[in-house]
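Residue numbers (our numbering): 817 to 1501. Think of the CB as a built atom: it goes at the ideal place given N, C-alpha and C, for glycine as much as any other residue. Scroll down for the structure; my scribbles are underneath it.
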């Protein structure tokens, strides 16, 4: 029997396609207007470029692609030879081209972009960045001069999502598997037998798991089509997934493990590695730790028994690449490029065989969600797909691996931030597509598969992890009561730990003996600024969007960090987070120079992270009581659940009344260690 909220699959797919198209166009237009309107320096500040680079080396990587290493240009490099601050990450699609001069006109900048070489960032280090260039982009585009690298919209991900949605759209109803029918509510999930859950005792690989973790694993093992594991902050979600994967292997199941980002996948590879099981990590590992590297396809195609067949061709290609740099004759260069092209073809054929042998013999394959749709897994079938961080993934992304399996386990926390959506009109309003399929009204890309399944089938398909191993009990109390039905319990080892108890010497001060501090800046002496007032209208208006900053709050943050560091807390145990990029830009340089090792980030970017001490600058302070997107409770939930021992909130309680949740949080904070900072004392420093 189908639940009342059953979804028509062709309409669902058509709606997703329309929303994805709007999102892609929004991303493309934002990127191209930024590139054409902003200076290279402004683009770097906005996290979209790395300037003043030069080519350090190049080699042949996976797929026969040329991988270039780019380091700081010697003429402008800092003493330590490190790259300047930037926001480029592994997996980003970029263009590498000759850097425009400071006086370059808009048309010239666009031309330089079109002449450059597109590629994918495969690795980011402190002193270099590595990019695998697309084959069709001749390597000649990156030689010689001073270069820069600019982030582009990632249309590869969209292509994969679109192809998957088109497959769903074209499926006939008699082709729907029982699994697909459950995920769209055309039938209800198979009941999980109570006897099976309780009666069949599992032999735990890690007996130290708590009861809620064991219950979630039993439930996921015995569910036939779908299981959701709800992991609030610090509850050991990844730890639970590792045990689940090992238990599935005992049942001789083949598992595909995915996540929306490289980091989420590498995290699992790292923790699975010591268990000596056959695993393959597709794509380029974000952090090249030995434990991850040894399981990545890139390394396995060079070191496994199946790899010998490609090695000799790879060597020959590298020799040819090196000879290009030595020859000045255009005719010779063209000839060598022709030879490389032929070798590349042969290389790919051999590599394909090698890859299919490696993946075919692996019981656990790990990839990002869109990476699971690559040619390497084209004919592979899995018993189960496990998706970690499922609440941060677009639903269309999740469907890329789902069409290869008959069961899914989703792990995540739908009460933290959903995936970031750029298209303003993200809800569907049109009634029909060109093919006259009905669109699902009100659907938005922010609704994840996790959200939709929970709404569709109810809490019976979910198990929540309830013991948290991160936060002091006082820090945990508000999110637990407000969002997690008061079910979170702080583990004994963490519930009372403070900064003064760190494993190195820290003095007992009012800042190191209190887990939760609130600096209430009410009274109008800590006013916010609108970043657009400060931005040169020509040089990149909108670079920070409508971002806000607050200089007095930044000064207060600095003073509080100084007090912590003077008491003995190491800067690398401290993080400063804020919802606004303009505030982040205001604080970053000065704080990093004053306290080497300290970490600064946006609230959104810090999701999934933790630190001993976290300081949150909320920024908003105005007479209109306008607090913008700070009022979003999922964003606040992320902000307040990052610390282990100490959470310091800086904000204006009079302004921060924009939602019932925010009001209740202010009331809660005022009951704790409440401090009223003096603006005049800060100004006199």
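About 4 Å separates the beta carbons of residue 1387 and residue 1414, which is inside the 8 Å limit, making them a contact pair. Collapsing the DSSP output to three states places residue 1090 in a helix.
According to DSSP, residue 1335 shares a beta bridge with 1466, 1491. Per the DSSP secondary-structure output, residue 1368 pairs with nothing in a beta bridge.
In this structure, residue 1283 lies away from residue 1056, with their beta-carbon atoms at least 8 Å apart. Secondary structure of residue 1237 (DSSP, three-state): coil. A Cβ-Cβ contact shorter than 8 Å links residue 1455 with residue 1393.
In this structure the stretch 900-915 touches the stretch 851-867; the number of beta carbon pairs closer than 8 Å is three or more.
Going by beta carbons, residue 1437 and residue 1471 fall inside the 8 Å limit. When the beta-carbon positions are compared, residue 1188 and residue 1216 come within less than 8 Å of each other.
For residue 1303, there is no enclosing alpha helix (DSSP H), since its DSSP letter is neither H nor E. In this structure, DSSP gives residue 1441 a state outside helix and strand, which the three-state scheme calls coil.
In terms of Cβ geometry, residue 1058 and residue 1180 do not form a close pair [threshold 8 Å].
Classified as buried, residue 1082 has 16 or more neighbouring CB atoms from the shown chains inside 10 Å of its CB. Taking C-beta atoms as the reference points, residue 1343 and residue 1213 fail to come closer than 8 Å.
According to the DSSP assignment, residue 1186 belongs to no alpha helix (DSSP H), since it is labelled neither H nor E. Taking 8 Å as the upper bound for CB-CB distance, residue 1069 and residue 1197 are not in contact here, some 12 Å apart. The DSSP-derived three-state label of residue 1413 is coil. With fewer than 16 other Cβ atoms inside 10 Å of its own Cβ, residue 1091 counts as exposed. Contact annotation: the stretch 1261-1274 touches the stretch 1203-1210, with at least three C-beta pairs closer than 8 Å. Residue 1373 holds the alpha-carbon nearest to the alpha-carbon of residue 1400 among 1426, 1381, 1379, 1373. Rounded to whole angstroms, residue 915 and residue 939 show a C-alpha spacing of 21 Å.
A residue is called buried once 16 or more other Cβ atoms fall within 10 Å of its Cβ, and residue 1441, having fewer, is exposed. Its chain contains 1048, 1282, 1284, 1292, 1296 as the residues whose beta carbon lies nearer than 7 Å to that of residue 1304, once the 5 sequence neighbours on both sides are disregarded; these appear in chain order. Using a Cβ distance threshold of 8 Å, residue 867 and residue 1020 do not count as a contacting pair. For the alpha helix (DSSP H) assignment, the uninterrupted runs of no fewer than 4 residues enclosed by the stretch 1030-1067 are, from N- to C-terminal side, 1053-1066. Residue 961 and residue 891 have their C-alpha atoms spaced approximately 12 Å apart. Annotated three-state conformation of residue 1284 is strand, per DSSP.
Residue 1221 and residue 992 have their alpha carbons spaced roughly 12 Å apart. If you look at residue 869, you'll find it isn't in any alpha helix (DSSP H); it sits in the beta strand (DSSP E) that goes 865-876. Distance between residue 858 and residue 968, taken at the CA atoms: about 16 Å.
Here the stretch 1270-1277 makes no contact with the stretch 1311-1322; the two share fewer than three CB pairs at distances below 8 Å. Ranked by how close their Cα comes to the Cα of residue 1497, the residues 1164, 1322, 1371 have 1371 in first place. Counting the other Cβ atoms within 10 Å of the Cβ of residue 1411 gives 16 or more, which makes it buried. Straight-line measurement puts the Cα of residue 832 at about 44 Å from the Cα of residue 1368.
Segment contact: the stretch 934-949 against the stretch 1146-1160, fewer than three CB-CB distances shorter than 8 Å; contact not assigned.
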